[in-house]
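There are 2 protein chains.
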Amino acid sequence: MEDIVAQVMRQWQRVHPGLDTAPMAVIGRLNRCFLLIQQAADAPLREHGLTRSEFDILGALRRLDRELTPSQIARETFASGAAVTKRLRFLEERGLVARRPDDRDGRVSHLSLTGQGRTLIDRMLPEQVDYDASLLAGLAVERQRELAELLGELLLLLEGRPGVRAL
Amino acid sequence: MEDIVAQVMRQWQRVHPGLDTAPMAVIGRLNRCFLLIQQAADAPLREHGLTRSEFDILGALRRLDRELTPSQIARETFASGAAVTKRLRFLEERGLVARRPDDRDGRVSHLSLTGQGRTLIDRMLPEQVDYDASLLAGLAVERQRELAELLGELLLLLEGRPGVRAL
DNA sequence: AGCAAGTGTTTTACTTGTAAAGTATATGAC
DNA sequence: GTCATATACTTTACAAGTAAAACACTTGCT
Numbered sequence: 017m018e019d020i021v022a023q024v025m026r027q028w029q030r031v032h033p034g035l036d037t038a039p040m041a042v043i044g045r046l047n048r049c050f051l052l053i054q055q056a057a058d059a060p061l062r063e064h065g066l067t068r069s070e071f072d073i074l075g076a077l078r079r080l081d082r083e084l085t086p087s088q089i090a091r092e093t094f095a096s097g098a099a100v101t102k103r104l105r106f107l108e109e110r111g112l113v114a115r116r117p118d119d120r121d122g123r124v125s126h127l128s129l130t131g132q133g134r135t136l137i138d139r140m141l142p143e144q145v146d147y148d149a150s151l152l153a154g155l156a157v158e159r160q161r162e163l164a165e166l167l168g169e170l171l172l173l174l175e176g177r178p179g180v181r182a183l
Numbered sequence: 017m018e019d020i021v022a023q024v025m026r027q028w029q030r031v032h033p034g035l036d037t038a039p040m041a042v043i044g045r046l047n048r049c050f051l052l053i054q055q056a057a058d059a060p061l062r063e064h065g066l067t068r069s070e071f072d073i074l075g076a077l078r079r080l081d082r083e084l085t086p087s088q089i090a091r092e093t094f095a096s097g098a099a100v101t102k103r104l105r106f107l108e109e110r111g112l113v114a115r116r117p118d119d120r121d122g123r124v125s126h127l128s129l130t131g132q133g134r135t136l137i138d139r140m141l142p143e144q145v146d147y148d149a150s151l152l153a154g155l156a157v158e159r160q161r162e163l164a165e166l167l168g169e170l171l172l173l174l175e176g177r178p179g180v181r182a183l
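Protein sequences appear in the order of chains A and B. Using this note's numbering, read the first sequence as starting at 17 and increasing by one per residue. Using this note's numbering, read the second sequence as starting at 17 and increasing by one per residue.
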């Protein structure tokens with residue numbers, strides 16, 4: 017049986033016989049897997065009234081286990097400053113994060129999880145991981161490991177480019 | 017050297033020692049690879065004044081090599097009908113696709129590439145494939161093949177779910 | 001024929017994200 | 001001290017997508 021990307025590659029071969037479609041086999045599939053996974057995995061978040069991006073902010077605050085400034089959050093979650101501003105407003109209004117001014121630098125503020133925020137992320141995270149695991153469940157564990165390793169190689173490569181960096 | 021997702025996994029391990037972070041190794045990396053690739057690969061499209069989604073419509077018309085209705089385009093490009101309507105308006109205004117009414121069914125129209133549209137996609141496609149190839153170039157060909165195969169397995173699995181289907 | 005139900009497409013109202021400009025504060029040269 | 005420049009963050013104006021409603025037409029039942 018053939019996946020949708022293999023079908024698309026064959027269609028291209030028919031109209032452009034000379035074309036080397038090999039890169040599509042990786043990148044097309046990666047795109048398609050991403051979209052299907054995202055669609056599936058965002059559903060449980062919606063039930064808690066959060067978008068993926070908001071969840072990522074709570075996650076960053078929890079896993080780094082300390083206060084973060086808006087720009088640190090932007091870097092950690094690979095988001096623009098403007099996007100972080102909006103999300104923090106929402107998370108503050110919902111009482112999930114709290115803001116504290118910096119003592120020395122008036123431009124900066126520090127965000128932390130409230131009790132409620134921490135409770136929420138600690139409930140959601142295992143849910144999310146389990147859900148992710150269920151999406152992969154049809155793949156043998158050894159295949160999952162191979163896939164993780166190959167994606168790690170690729171990611172390291174892509175991170176080497178001009179692109180964004182963490183922390 | 018460690019990729020960003022491996023770092024995040026270690027951070028989670030520190031604050032939640034019991035947590036099985038293995039699913040993140042696949043899904044987190046897949047997400048991150050997707051975002052970096054998208055960011056990189058969309059740049060050449062912008063130079064031609066197209067978004068990825070508009071490019072996908074031209075691509076579908078080219079590779080299927082026949083007229084398509086808006087709903088066929090929606091299915092082929094995994095987009096909502098509303099999104100397709102907007103994109104077709106833009107592509108028509110730019111003279112890249114042409115619309116023709118159906119003889120028998122007044123609700124339906126048929127879209128085809130104009131000469132200009134076909135010239136554009138035939139120029140862009142090899143560019144895009146080459147660009148994709150360059151993103152993967154740091155990975156040995158054999159590793160690329162393995163990655164494509166594993167992603168194909170995963171994709172087949174994910175397509176089996178309730179989700180969207182092609183053609 | 002006439003109407004209920006279904007299908008194909010577009011429109012509307014809204015959400016989310018971005019780039020660029022704007023605001024406020026800090027830093028270093030003089 | 002004060003000014004130019006840099007930094008941190010927010011606001012604004014806009015782009016692009018969606019879900020649900022609206023619209024237009026077709027189909028099949030009677």
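For each residue, glycine too, the CB sits at the ideal point set by N, CA and C.
Cβ of T85 (chain B) within 9 Å of any chain A Cβ
no
* Asked: Does any C-beta atom of chain A lie closer than 9 Å to the C-beta of R139 (chain B)?
  -> no
Could you check whether the Cβ of D36 (chain A) sits closer than 9 Å to any Cβ belonging to chain B? yes
What residue from B:F50, B:M140, B:T85, B:P39 has the CA that sits closest to P117 (chain B)'s CA?
-> B:T85
message: Can you give me the C-alpha to C-alpha distance between L163 (chain B) and L170 (chain A), rounded to a whole angstrom?
response: Put simply, the backbone Cα of L163 (chain B) is about 9 Å away from that of L170 (chain A).
For a test of the three-state rule: what should DSSP assign to R26 (chain B), helix, strand or coil? Secondary structure at R26 (chain B): helix, using DSSP grouped into helix, strand and coil.
Keeping to the same chain, check which residues put their C-beta closer than 8 Å to that of D58 (chain B); ignore five residues upstream and five downstream. T67, R68
| query | Skipping 5 residues on each side, what residues in its chain have a beta carbon closer than 6 Å to that of S96 (chain B)? | reply | none
**Item:** Complete beta strand (DSSP E) runs within the stretch 67 to 129 of chain B (minimum length 3 residues, chain order)
**Value:** Counting only runs of 3 or more, we get 113 to 117, 125 to 129.
> Got a sec: which bits of the stretch 52 to 76 of chain A sit with their beta carbon under 8 Å from any beta carbon on chain B, in order along the chain?
Replying inline: Those would be L52, I53, Q54, Q55, A56, A57, in chain order.
Q | Chain-order list of residues whose beta-carbon lies under 7 Å from that of Q160 (chain B) (same chain, five-residue window excluded) | A | L152
- Residue-chain proximity (L10 (chain A), chain B), Cβ-Cβ < 9 Å: As shown, chain A starts at 17 and ends at 183. That puts residue 10 (chain A) outside it, with no answer to give.
Proximal chain A residues relative to A164 (chain B), where beta-carbon distance stays under 8 Å = A38, A41, V42, R45
**Q.** Burial state of P39 (chain A) (16 or more Cβ within 10 Å)
**A.** buried
Q) Which residues in the same chain have their Cβ closer than 7 Å to the Cβ of A76 (chain A), if we skip the five residues on either side of it in sequence? A) L84, I89, E92, T93.
Straight-line gap, L167 (chain A) to L46 (chain A) (C-alpha atoms, nearest Å): 10 Å
Point to revise | Whole-angstrom distance between R79 (chain A) and V31 (chain B), CA atom to CA atom | key: 6 Å
- Message: To the nearest angstrom, how far is the alpha carbon of L112 (chain A) from that of E63 (chain A)?
- Response: 16 Å
- Task: Can you grab the Cα-Cα spacing for the pair R82 (chain A) / G122 (chain A), in whole Å?
- Result: 20 Å
- Nearest-angstrom Cα separation, counted from Q23 (chain B) out to G131 (chain B): 50 Å
Between the CA atoms of R48 (chain A) and H126 (chain B) - distance to the nearest angstrom: Taking the straight line joining both Cα atoms gives about 26 Å.
Practice item. Can you say whether P145 (chain B) is buried or exposed, counting buried as having 16 or more other CB atoms within 10 angstroms of its CB? Key: The sequence given here places Val at residue 145 (chain B); Pro does not occur at that position. When all chains shown are included, V145 (chain B) counts as buried.
Q. With 16 as the cutoff for other CB atoms within 10 Å, does D148 (chain B) come out buried or exposed?
A. A residue is called buried when at least 16 other Cβ atoms come within 10 angstroms of its Cβ; D148 (chain B) meets this threshold and is buried.
Taking only three categories from DSSP, how would you classify M40 (chain B)? Looking at M40 (chain B) - three-state DSSP - the assignment turns out to be helix.
Check your understanding: D138 (chain B) lies in the alpha helix (DSSP H); which residues open and close that run?
Key -> Membership of D138 (chain B) in the alpha helix (DSSP H) is indicated by the continuous run 131 to 152.
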